[in-house]
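**Q** In the working numbering, the protein residues as written are 460 to 539. Ideal Cβ placement from N, Cα and C applies to all residues, glycine included.
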């Protein structure tokens with residue numbers, strides 16, 4: 460049980476550290492261009508196939524998360 464929990468917490472820590480870290484760019488930033496790129500990305504037209512693929516990936520990630528939670532519950536319930 461301990462190795463699985465340790466691995467889980469290492470992954471969570473690495474993900475949080477990666478999200479909270481500084482931007483990965485070197486040199487001066489052009490914030491006007493960043494805003495323009497964000498605006499273009501927000502209003503770009505996405506094909507139906509891409510939307511379907513993203514929905515499938517999201518569904519698979521939710522299923523993986525549920526399996527992970529059920530595995531943790533199973534470990535805590537039957538390991539003690």
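Skipping 5 residues on each side, what residues in its chain have a beta carbon closer than 6 Å to that of residue 466?
**A** If we look at residue 466 and ignore the five residues flanking it on each side, it has no Cβ neighbours.
**Q** Less than 8 Å separating the beta-carbons of residue 463 and residue 534?
**A** Cβ distance < 8 Å, so residue 463 and residue 534 count as in contact.
**Q** How many angstroms separate the CA atom of residue 492 from the CA atom of residue 500?
**A** Their Cα atoms are separated by approximately 12 Å.
**Q** Taking the alpha-carbon of residue 468 as reference, which of 490, 520, 531, 537 has the nearest alpha-carbon?
**A** Selected option, being the one with the closest Cα: 531.
**Q** From 513, 527, 537, pick the residue whose C-alpha is nearest to that of residue 471; which is it?
**A** Nearest C-alpha to residue 471: 527.
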